[in-house]
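Just so you know, we're using this note's numbering here: the sequence shown kicks off at 142 and counts up by one.
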Amino acid sequence: MARDVFRDDRNMKRQATAGLGAIAALGVLATGLLYSFYSQFVINVPAKQIGVLIRKTGIDLENSDEIAPDAEHKGVQKDVLDVGRYFFKYDPYNWDWKVVPQIEIPDGKLGVQIRLYGDDLPYGEFLAYQENQKGIVPGVLLPGRYAINPYLYQVEQHAPQIVPAGFKGVVTNLAGKIPFEPEHYAEEPDQMHQKLLVKQGFRGVEQTTLDPGTYNFNPYEIKVNLVDCRNQRFNLAESKDLGFPSKDGFWVSLDSIVEFRVNPAMAAKVYVLYKEDASSDRINEEIVRKVILPAARSFCRLQGSNNSGRDFIQGTTRTQFQETYQTTMRASCDALGIEIIQALITKINPPEQIAKPVRDREIAKQQEEQFRQQILQQASEEKLAIEKELVKQKQALVVAEQEVIKVTTAAMREQEVAKTKAQEKLAVAQLKLDATKDEAAAIAARGKGAAEVVEFKNKAEAAGWQRSVEAFGGDGGQFAQFVLFEKLSAAYRSIMVNTADSPIMRIFESFNAPRGKSPGTTKPVKRGGDTTATDASGE
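#1: Is the CB-CB distance between CYS415 and VAL311 below 9 Å?
#2: Can you list, in chain order, the residues of its chain whose CB lies under 6 Å from that of LYS309, leaving out five sequence neighbours each side?
#3: Could you check the C-alpha separation between LYS275 and ASN290 for me, to the nearest Å?
#4: Work out the CA separation of GLN619 and GLU611 for me, nearest whole Å.
#5: In its own chain, which residues sit with a C-beta less than 6 Å from the C-beta of ILE398, not counting the 5 before and 5 after it?
#6: Cβ of TRP238 within 9 Å of Cβ of LEU282?
#7: Tell me the DSSP bridge mates of GLU523?
#8: Under 9 Å, do TYR356 and ILE303 count as touching if we go by C-beta distance?
#9: Please report the residue range of the alpha helix (DSSP H) in which ARG438 lies.
#10: Could you pull the DSSP bridge partners for PHE401 from this structure?
#11: Can you list, in chain order, the residues of its chain whose CB lies under 7 Å from that of GLY354, leaving out five sequence neighbours each side?
#12: Does the Cβ-Cβ distance between GLN190 and PRO242 come in under 9 Å?
#13: Could you tell me the boundaries of the alpha helix (DSSP H) in which LYS410 lies?
#14: From ALA585 to ALA559, what distance separates their C-alpha atoms?
#15: Helix, strand or coil, according to DSSP, for ASN359 in the structure here?
#16: How is the beta strand (DSSP E) around GLU266 delimited, first residue to last?
#17: Please confirm whether GLU400 and GLN373 have their CB atoms less than 9 Å apart.
#18: With a cut-off of 8 Å on the beta carbons, I'd call PRO187 and VAL224 a contact; round off their distance for me.
#19: Rounding to the nearest angstrom, what Cα-Cα distance links LYS318 and PRO284 in this structure?
#20: Expressed to the nearest angstrom, what Euclidean distance is found between the alpha-carbon atoms of GLU272 and ASP232?
#21: Would LYS589 be called buried (16 or more neighbouring beta carbons within 10 Å of its own) or exposed?
#22: Whole angstroms are fine: how far does the CA of ASN359 sit from the CA of PRO301?
#23: Could you please give me the residues that DSSP links to LEU282 through a beta bridge?
#24: Among the candidates GLY192, LYS410, CYS474, LEU395, whose CA atom is the shortest distance from the CA of VAL429?
#25: Can you find the residues in the same chain that come closer than 6 Å, C-beta to C-beta, to THR469, ignoring five residues on each side of it along the sequence?
#26: Spatial neighbours of GLU207 within its chain, please: C-beta separation below 6 Å, excluding the five flanking residues on both sides.
#27: Return the bridge partner residues of LYS547 from the DSSP annotation.
#28: CB-CB under 6 Å to ASP248, same chain, minus the five flanking residues each way: which ones, in chain order?
#29: Pick from LYS219, LEU202, VAL240: whose alpha carbon is nearest that of ILE184?
#30: Tell me which residue opens and which closes the alpha helix (DSSP H) that ASN185 is part of.
#31: So the candidates are GLN519, ILE546, LEU293, GLU324; which of them puts its Cα closest to the Cα of ILE244?
#32: Pop quiz: LYS197 and LYS215 are said to be a contact at Cβ under 8 Å. What is the actual Cβ separation, rounded to whole angstroms?
#33: Using the rule of at least 16 other Cβ atoms within 10 Å of the residue's Cβ for burial, across every protein chain shown, is GLY345 buried or exposed?
#34: Hey, could you find the ends of the beta strand (DSSP E) ILE428 is sitting in?
#35: So is GLY252 buried or exposed if we call it buried at 16+ other beta carbons inside 10 Å?
#36: Excluding the five sequence neighbours on either side, which residues of its own chain have a C-beta within less than 8 Å of the C-beta of TRP236, listed in chain order?
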C-alpha cells in the first residue's frame, strides 16, 4: 500500500515537471516569434544614426540610374529615416533597410560633399551646381552632425584656410566663370600685366587679397596661397656674385644686406609674377633671385664703373655710393610690389694692389683729420672749461649777492626792530621823565608849602618871642633866663651841693647875677655847713 502511494506521487511530480517544461518551451517560442516579428516589421534607428531604405520590389531602374528616382522604383531611396522607431510602416517583403552612423564633422574641419548620382557635368565644369548633376557640391559643411545618405553623397574632410598674422592670402578662383572680355580682368596700369589678375567671381587669381584670419572655403572651389608680407633680410654676399669692374679696370666686389617686404596692396601681383613652384609658399627666395639680385647687380655695374678703384676706399665716395644705392634700389623695386626697407653696403673690397697705398693715404688723411678734430675738441673743451668757470663765478656772485641781500635785509630788519624798541623805550622814558617832573614839581610844591608853613610858624613863634622879649624890656637874655627857669622849674625844686664852687653851680651863677654883672659874683649862702646857691630873689 505504501509503495503504491509513493509511486503515484512520483508520477505526479513527473507530470508537473513535464508541464512546466512545455510551458517554458512555449514561452521561449513565443518570445522568438515576437522578436522575429519585431525585427522584421519594426525599424529602430538609435541616436546619432540614420536608416537607409532599399526597395526590393517595384519598377526596375534604367542603366544610367544609380538610385531609385522615387518610391515606386527598386533600389536605394533618396529619403532616409531619422532617429526613432517605425512600426509596421515598411514590410520585410518589399523593403530592406540598413542603420548607418550619421556624418559627423569635428571641430577644426570642414566637410565637402561629392554627389554620387545624377547627370555628368558639362565640359570644363567640375562643380555640381544643380541637384541632378553628379560631382563636387559647392559650399562646405561646418562642424556638426548631418543625416546624409552615404549611398548618395561622399563627404570629405578638409582643414579651413588660415591666413596667419603678417601674411596676405592670394585667392585663386578655381570654379568661376572663364574670363573672355577685357572688362573681366582687374585694372592694371602696366599694359604688359593687364591680364594677370581677374575681377572677383571669375576664374583665375583675384586682385583682392585676404587679411589674416580663418576662412571656410571649399578647396575645390577656392584656393588660398600665402604671401609673407613681413620684413625679410637677405645677405647678398652669400651669392658671391655682386661686383663690377671699376673705371680703371680693377674688379671691385661688394657685400650688401637688403631688408625688404612684399607690399600688401600688391601681394596678388607679386604672387603671379614671381611664383613658379605652386607646391611651395616660399616666394621670398624667388623675389631675391628675380628682383633684388638683378637690381643690385645692375646698379653696381652701371654706377660703379663710373668711378676708379681708389675712389671706393675714400669715405666720401663710399658714402655717396651707399646713398645712391639705397635710393636706386627703392625706385627699382617699388614698381614691382617690393618695398625696400633698407639697402646697406656692408663692405667694399677693392683690389689689393691699389687698396694698400690708397688705404695708407686715406688712413693718414683720417689721422690728420682726427688730430684736427682733437685740436678743435681741446679748444672746445678749453672754451667749455672757461664757460664752466664763468658759470661757477656767476653762480658764486649770485650766491654772494643773495647772502649780502640776506644779511642786509636781516640787518635792516634788526635795525628796524631796535629802532622800534628804542622808540618804545624813549617814549617810556619820556613818559617817566614827564611823570618825574610832575612828581618833582609836586614834591617842590609840597616842600615849598611845608617851608612856608614852617616859616609862617617860625614867624608866628618869632613874633611871640619878640613880644615876650619886648615884655622883658627888649632884653633877650632875661627872656631866655625866663624860659630856662620855666623849663627847669618843672624838673627840680632844689639842688644840694657840697661846695660853693661846684661846676653845676656855675651854670646858675650866670642866671642869678644881676643885669650888667658878670657871672661868679654871686655870693654863696652857708646853711649848717652846706653851701646853697640862691637865685637873685634870695630864695
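Cβ atoms here follow ideal geometry from the backbone N, Cα and C, with glycine treated the same way.
Short version:
#1: If you number the sequence shown from 1, residue 415 lands on position 274. If you number the sequence shown from 1, residue 311 lands on position 170. Checking the sequence shown, residue 415 turns out to be Tyr, not Cys. Not closer than 9 Å, so no.
#2: In the sequence shown, residue 309 corresponds to position 168, counting from 1. Excluding sequence neighbours, LYS309 sits near THR350, VAL368, CYS370, PRO405, ALA408.
#3: Residue mapping note: residue 275 aligns to position 134 of the sequence shown, counting from 1. Residue mapping note: residue 290 aligns to position 149 of the sequence shown, counting from 1. The straight-line gap from Cα to Cα measures roughly 15 Å.
#4: Sequence index remark: in the sequence shown, residue 611 carries index 470 (1-based). Sequence index remark: in the sequence shown, residue 619 carries index 478 (1-based). Cα-Cα distance, rounded: 10 Å.
#5: Along the sequence shown, read from residue 1 onward, the residue named residue 398 stands at position 257. Once the five neighbours on either side are set aside, the close Cβ partners of ILE398 are ASN376, LEU485, THR487.
#6: As a first step, residue 238 must be located in the sequence shown, where it is residue number 97. As a first step, residue 282 must be located in the sequence shown, where it is residue number 141. No.
#7: Here residue 523 refers to the residue found at position 382 when the sequence shown is read from its first residue. Answer by DSSP bridge pairing: none, since GLU523 is not bridged.
#8: Sequence index remark: in the sequence shown, residue 356 carries index 215 (1-based). Sequence index remark: in the sequence shown, residue 303 carries index 162 (1-based). Yes; because the gap between Cβ atoms is below 9 Å, this pair is in contact.
#9: Stepping through the sequence shown from its first residue, residue 438 is reached at position 297. It spans 434 to 445 - the alpha helix (DSSP H) in which ARG438 sits, taken as one unbroken run.
#10: Along the sequence shown, one-based indexing puts residue 401 at 260. Beta-bridge pairing links PHE401 to GLN373, ILE481.
#11: Your numbering for residue 354 matches position 213 in the sequence shown. If we look at GLY354 and ignore the five residues flanking it on each side, its Cβ neighbours are VAL304.
#12: By 1-based counting over the sequence shown, the position of residue 190 is 49. By 1-based counting over the sequence shown, the position of residue 242 is 101. Yes, they are a contact pair.
#13: On the sequence shown, residue 410 is found 269 positions in, with the first residue counted as 1. Note, LYS410: alpha helix (DSSP H), 408 to 415.
#14: Translated into positions along the sequence shown, residue 585 becomes position 444. Translated into positions along the sequence shown, residue 559 becomes position 418. Whole-angstrom Cα-Cα distance: 37 Å.
#15: Taking the first residue of the sequence shown as position 1, residue 359 is located at position 218. Coil, per DSSP.
#16: The residue labelled residue 266 in the question sits at position 125 within the sequence shown. Run containing GLU266: none; DSSP gives neither H nor E here.
#17: If you number the sequence shown from 1, residue 400 lands on position 259. If you number the sequence shown from 1, residue 373 lands on position 232. Result yes, Cβ atoms of GLU400 and GLN373 sit closer than 9 Å.
#18: Walking along the sequence shown from the start, residue 187 turns up at place 46. Walking along the sequence shown from the start, residue 224 turns up at place 83. 7 Å between Cβ atoms; contact.
#19: Here residue 318 refers to the residue found at position 177 of the sequence shown. Here residue 284 refers to the residue found at position 143 of the sequence shown. About 29 Å.
#20: On the sequence shown, position 131 is the one that residue 272 refers to. On the sequence shown, position 91 is the one that residue 232 refers to. Taking the straight line from one Cα to the other gives about 30 Å.
#21: Taking the sequence shown and counting its residues from 1, one reaches residue 589 at position 448. Under this definition LYS589 is an exposed residue.
#22: On the sequence shown, residue 301 is found 160 positions in, with the first residue counted as 1. On the sequence shown, residue 359 is found 218 positions in, with the first residue counted as 1. Whole-angstrom Cα-Cα distance: 8 Å.
#23: In the sequence shown, residue 282 corresponds to position 141, counting from 1. Partner(s): GLY252.
#24: Numbered from 1 along the sequence shown, position 288 holds the residue referred to as residue 429. Nearest of GLY192, LYS410, CYS474, LEU395 to VAL429, Cα basis: CYS474.
#25: The residue labelled residue 469 in the question sits at position 328 within the sequence shown. The answer, listed in chain order, is PHE440.
#26: Looking up residue 207 in the sequence shown gives position 66. So the qualifying residues of the chain are TYR258.
#27: Sequence index remark: in the sequence shown, residue 547 carries index 406 (1-based). Answer is none; LYS547 lacks a bridge partner.
#28: Taking the sequence shown and counting its residues from 1, the one referred to as residue 248 is at position 107. The residues are PRO284.
#29: What you label residue 184 is simply residue 43 of the sequence shown in a count that begins at 1. Checking every option, the nearest Cα to that of ILE184 belongs to VAL240.
#30: Here residue 185 refers to the residue found at position 44 when the sequence shown is read from its first residue. No alpha helix (DSSP H) contains ASN185, which is instead part of the beta strand (DSSP E) from 183 to 186.
#31: The sequence position of residue 244 within the sequence shown is 103, counting from 1. For the residues GLN519, ILE546, LEU293, GLU324, the minimum Cα distance to ILE244 belongs to LEU293.
#32: Start at 1 with the first residue of the sequence shown, and residue 197 comes out as number 56. Start at 1 with the first residue of the sequence shown, and residue 215 comes out as number 74. Confirmed, Cβ separation roughly 7 Å.
#33: Indexing the sequence shown from 1 puts residue 345 at position 204. Result: buried.
#34: Here residue 428 is taken as the residue at index 287 of the sequence shown, counted from 1. It is not in any beta strand (DSSP E) - ILE428 instead sits in the alpha helix (DSSP H) that spans 425 to 428.
#35: By one-based count along the sequence shown, residue 252 stands at place 111. That one is buried.
#36: Sequence index remark: in the sequence shown, residue 236 carries index 95 (1-based). Same-chain partners within the cutoff: LEU194, ILE195, ARG196, LYS197.
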